[in-house]
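These protein sequence lines are chains A and B, in that order. Residue numbers for the first sequence follow numbering that gives the first Met the number 0, so the first one is 0 and each next one is one higher. Residue numbers for the second sequence follow numbering that gives the first Met the number 0, so the first one is 0 and each next one is one higher. Each residue gets a CB set at the ideal place from its N, CA and C atoms; glycine is no exception. Structure first, then comments.
There are 2 protein chains.
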Amino acid sequence: MLKKITTVPLPTIRRLPTYLRVLEEMRKWGKEYVSATDIADYLGLTPIQVRKDLAVTPIQGKPKIGFEINELHRAIRSFLGWDKTTEAFLVGAGSLGSALLGYNGFDEYGLNIAAAFDANPRLEGMEIHGKTVFSLDKLPDLVNRMGIRIAVLTVPRDAAQECADQLVAAGIKGIWNFASPHITVPAGVVVQNENIAQGLAVLSVKLAEKLEVP
Amino acid sequence: MLKKITTVPLPTIRRLPTYLRVLEEMRKWGKEYVSATDIADYLGLTPIQVRKDLAVTPIQGKPKIGFEINELHRAIRSFLGWDKTTEAFLVGAGSLGSALLGYNGFDEYGLNIAAAFDANPRLEGMEIHGKTVFSLDKLPDLVNRMGIRIAVLTVPRDAAQECADQLVAAGIKGIWNFASPHITVPAGVVVQNENIAQGLAVLSVKLAEKLEVP
DNA sequence: TAGATTGTTAATCGATTAACAATC
DNA sequence: TAGATTGTTAATCGATTAACAATC
Numbered sequence: 000m001l002k003k004i005t006t007v008p009l010p011t012i013r014r015l016p017t018y019l020r021v022l023e024e025m026r027k028w029g030k031e032y033v034s035a036t037d038i039a040d041y042l043g044l045t046p047i048q049v050r051k052d053l054a055v056t057p058i059q060g061k062p063k064i065g066f067e068i069n070e071l072h073r074a075i076r077s078f079l080g081w082d083k084t085t086e087a088f089l090v091g092a093g094s095l096g097s098a099l100l101g102y103n104g105f106d107e108y109g110l111n112i113a114a115a116f117d118a119n120p121r122l123e124g125m126e127i128h129g130k131t132v133f134s135l136d137k138l139p140d141l142v143n144r145m146g147i148r149i150a151v152l153t154v155p156r157d158a159a160q161e162c163a164d165q166l167v168a169a170g171i172k173g174i175w176n177f178a179s180p181h182i183t184v185p186a187g188v189v190v191q192n193e194n195i196a197q198g199l200a201v202l203s204v205k206l207a208e209k210l211e212v213p
Numbered sequence: 000m001l002k003k004i005t006t007v008p009l010p011t012i013r014r015l016p017t018y019l020r021v022l023e024e025m026r027k028w029g030k031e032y033v034s035a036t037d038i039a040d041y042l043g044l045t046p047i048q049v050r051k052d053l054a055v056t057p058i059q060g061k062p063k064i065g066f067e068i069n070e071l072h073r074a075i076r077s078f079l080g081w082d083k084t085t086e087a088f089l090v091g092a093g094s095l096g097s098a099l100l101g102y103n104g105f106d107e108y109g110l111n112i113a114a115a116f117d118a119n120p121r122l123e124g125m126e127i128h129g130k131t132v133f134s135l136d137k138l139p140d141l142v143n144r145m146g147i148r149i150a151v152l153t154v155p156r157d158a159a160q161e162c163a164d165q166l167v168a169a170g171i172k173g174i175w176n177f178a179s180p181h182i183t184v185p186a187g188v189v190v191q192n193e194n195i196a197q198g199l200a201v202l203s204v205k206l207a208e209k210l211e212v213p
């Protein structure tokens with residue numbers, strides 16, 4: 000009986016950011032209301048699925064008219080917690096880390112990378128895309144003082160697990176893991192693995208199918 | 000009756016690259032055989048799921064021993080088509096495009112980015128991480144001459160659809176889309192959308208749940 | 001009003017998990 | 001041999017899709 004409150008399906012959560020972008024797009028076109036059918040047509044989904052997904056927000060659509068774009072947009076952002084900014088640290092200032100430091104779209108997702116950390120002492124004190132790089136041993140203290148809960152992990156694969164352990168020890172509660180296909184963390188810590196190879200695998204297989212049986 | 004041959008579940012396909020990494024890891028430890036149980040323990044999955052996933056390959060495991068690591072590794076790579084190199088073009092040599100050009104892990108995935116293209120004439124002829132940047136209008140001819148089928152799309156969001164149309168017109172069959180949450184293409188062309196915001200959405204929601212109900 | 005769209009409840013579909021005989 | 005592990009068939013679980021009354 001416990002444990003199940005109203006778990007929103009993971010696929011739904013993954014589609015929500017796309018709805019945000021679609022709503023922004025349609026707002027740009029001067030629209031004020033949008034129906035689930037419009038969104039579904041635009042994205043190649045079914046209207047029923049879109050309506051189910053949007054039901055995670057408390058926003059009610061109006062029959063024959065649809066949803067108020069701004070209101071829906073605000074509600075989805077709020078559901079994702081993207082209406083307030085969360086500060087995060089980036090760990091591993093290599094090429095991928097640097098690229099992410101230079102990405103300026105995170106504020107749209109309620110995320111701000113406050114600082115970067117690297118094991119290489121030669122990077123200490125440097126700025127990458129305006130973010131200061133600190134020595135990794137400064138991390139626990141700064142996590143504590145700034146109340147940081149999220150880390151973006153972009154170290155080399157071999158360093159991933161050890162580094163994750165340090166992050167957990169320092170009090171990090173969520174790890175956005177670009178470093179390794181899998182890391183082990185204690186319960187109470189959330190890991191989101193990002194792995195570019197997954198998408199490429201899907202593309203590879205689908206393309207092979209298409210080319211075989213056209 | 001048509002159409003369904005033996006569709007491998009998408010979640011399975013997405014897990015396959017991770018199995019490759021795990022097999023490499025275990026090979027490094029000097030192991031020769033690995034059981035589905037070992038892999039499952041390592042990744043936090045169930046042994047049954049791992050066995051089901053591995054059944055997409057023709058490799059048979061040996062009861063009590065497991066699977067021959069090298070053989071299984073080769074079979075998964077073969078299933079994904081990653082045993083032969085596929086040449087691809089990257090379109091959009093901005094910060095994300097440059098970062099991907101500098102990523103040297105693609106050969107593990109059977110992908111080689113042969114060249115980059117950009118609409119900005121000032122980039123023409125430049126080299127980024129050893130890859131030459133061509134003008135976008137050279138793309139159709141080069142796609143044709145080199146028989147390129149895959150494009151990595153890393154242009155700004157607003158240019159994504161127009162650029163995708165050009166790629167399709169040029170004969171590209173698979174688009175790995177980092178540019179926009181959604182693009183429309185004709186049937187016969189495969190699109191794989193990569194969207195960093197999806198993973199962050201999952202992390203955000205899971206973390207919020209954890210912090211609310213610890 | 002008629003018809004498009006909503007939200008909800010039920011049916012279907014697909015993936016995961018369980019059960020179990022076969023095997024080394 | 002006993003026991004761990006395999007591969008397969010059946011049961012369960014969860015997400016998607018369908019059906020439909022309510023509404024503007």
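At which residues does the alpha helix (DSSP H) containing Asn69(B) begin and terminate? Per DSSP, Asn69(B) is one residue of the alpha helix (DSSP H) stretching across Ile68 to Leu79.
Could you check if Thr131(A) is buried or exposed, using at least 16 other CB atoms within 10 Å of its CB as the buried criterion? Exposed, since its Cβ has fewer than 16 Cβ neighbours within 10 Å.
Please go through the segment 88–123 of chain A and give each complete alpha helix (DSSP H) segment of 4 or more residues, from N-terminal end onward. For secondary structure counted as the alpha helix (DSSP H) over 4 or more consecutive residues, the segment 88–123 of chain A holds these complete runs in sequence order: 94–101.
For my contact list, Leu53(B) and Val151(B) are in at a C-beta cut-off of 8 Å; report their separation, rounded to the angstrom. Wrong, their Cβ atoms sit about 29 Å apart, outside the cutoff.
Does the Cβ of Leu9(A) have 16 or more other Cβ atoms within 10 Å, making it buried, or fewer, making it exposed? Classification of Leu9(A): exposed, given that the 10 Å Cβ count is below 16.
Helix, strand or coil: which one does DSSP assign to Val7(B)? Correct three-state label for Val7(B): coil.
So, with DSSP's three-state summary, where would you put Ile149(B)? Three-state result, Ile149(B): strand.
Less than 8 Å between the CB atoms is what I'm expecting for Ile195(A) and Val184(A), so what's the real figure, rounded? The pair is not a contact, with the Cβ atoms about 21 Å apart (cut-off 8 Å).
Of all the residues that make up the segment 121–138 of chain B, which are near chain A by a beta-carbon distance shorter than 8 Å? If the cut-off is 8 Å between Cβ atoms, the segment 121–138 of chain B has nothing near chain A.
Between the Cα of Met25(B) and those of Asp37(B), Leu15(B) and Ile64(B), spot the shortest distance and give me the residue it belongs to. Checked all of Asp37(B), Leu15(B) and Ile64(B); the closest Cα to Met25(B) is Asp37(B).
Own chain partners of Gly187(B) with C-beta closer than 8 Å, once the 5 adjacent residues on each side are dropped: The answer, listed in chain order, is Lys172.
Less than 9 Å between the C-beta atoms of Gly146(A) and Ala207(B), yes or no? The answer is no: Cβ separation not under 9 Å.
Using the rule of at least 16 other Cβ atoms within 10 Å of the residue's Cβ for burial, across every protein chain shown, is Gln59(B) buried or exposed? Exposed, by the Cβ-count rule.
If I measure Cβ to Cβ from Leu135(B) and keep anything under 6 Å in the same chain, skipping five residues before and after, which residues do I get? When the five nearest sequence neighbours on each side are left out, the beta carbons in the same chain lying within less than 6 Å of the beta carbon of Leu135(B) are those of Phe116 and Ala118, in order along the chain.
Counting only Cβ pairs nearer than 7 Å, list the residues of chain A close to Gln191(B). Neighbours of Gln191(B) on chain A, chain order: Gly198, Val201 and Leu202.
Below 9 Å between beta carbons: does that hold for Ala158(B) and Gly91(B)? With respect to the 9 Å criterion, Ala158(B) and Gly91(B) are classified as neighbours on the basis of their beta carbons.
Range of the contiguous alpha helix (DSSP H) that encloses Lys205(A): Boundaries of the alpha helix (DSSP H) harbouring Lys205(A): Ile195 to Glu211, taken from the DSSP string.
Determine the direct distance from the alpha carbon of Gly43(A) to that of Leu1(B), and round the result to whole angstroms. In this prediction, Leu1(B) has a pLDDT of 36, which is less than 50 and means its spatial position is unreliable; nothing more can be read from the coordinates.
Give a yes or no on whether the minimum CB-CB distance between Ile149(A) and chain B is below 9 Å. Ile149(A) counts as touching chain B.
In this structure, does DSSP put Val154(A) in helix, strand or coil? Coil, per DSSP.
Going by beta carbon distance, what residues of the same chain come within less than 6 Å of Lys3(A), once the five residues before and after it are set aside? Per-residue confidence for Lys3(A) stands at a pLDDT of 41, beneath the threshold of 50, marking its modelled position as unreliable; the derived number appears in the next sentence. Result list for Lys3(A): empty, nothing under 6 Å.
What are the partner residues of Lys130(A), as DSSP defines its beta bridges? Ile127(A).
Identity of the residue in Ala35(B), Thr56(B), Val55(B) and Phe105(B) nearest Ile47(B) by Cα: Of the listed residues, the one whose Cα sits closest to Ile47(B) is Ala35(B).
Tell whether a beta-carbon distance below 9 Å holds between Phe78(A) and Val204(B). Contact flag set, yes.
Under 9 Å, do Pro155(A) and Ala178(A) count as touching if we go by C-beta distance? Taking C-beta atoms as the reference points, Pro155(A) and Ala178(A) count as a pair closer than 9 Å.
Beta-carbon of Asn194(B) versus every beta-carbon of chain A: anything under 9 Å? Chain A contact via Cβ: present.
DSSP three-state call for Ile182(B): helix, strand or coil? Ile182(B) falls in the coil class under three-state DSSP.
Below 8 Å on the Cβ atoms is my contact criterion, and I expect Thr11(A) with Val55(A) to pass it. Report the Cβ-Cβ distance as a whole number of Å. Contact flag correct, Cβ pair sits at about 6 Å.
Name the chain B residues whose beta carbon is nearer than 7 Å to that of Gly101(A)? Residues of chain B passing the Cβ test: Ser94.
Would Pro180(A) and Thr45(B) be called neighbours here (beta carbons separated by less than 9 Å)? Contact: no.
Counted within 10 angstroms of its Cβ, other Cβ atoms place Thr153(B) as buried (16 or more) or exposed: With 16 or more Cβ atoms within 10 Å of its Cβ, Thr153(B) is classed as buried.
Between the segment 61–78 of chain A and chain B, which residues of the former have CB atoms less than 7 Å from a CB of the latter, in chain order? So the list is empty, because no residue satisfies the distance condition.
For Lys61(A), which of helix, strand or coil comes out of DSSP? Secondary structure of Lys61(A) (DSSP, three-state): strand.
Sorry if obvious, but does the Cβ on Thr56(B) come closer than 8 Å to a heavy atom of the ligand ATP? This structure lacks the ligand ATP, and indeed carries no ligand of any kind.
Ser34(B) CB to nearest chain A CB: under 9 Å? Not flagged as an interface residue toward chain A: Ser34(B), since no C-beta distance is shorter than 9 Å.
First and last residue of the alpha helix (DSSP H) that includes Val49(B)? Here the alpha helix (DSSP H) through Val49(B) covers Pro46 to Leu53.
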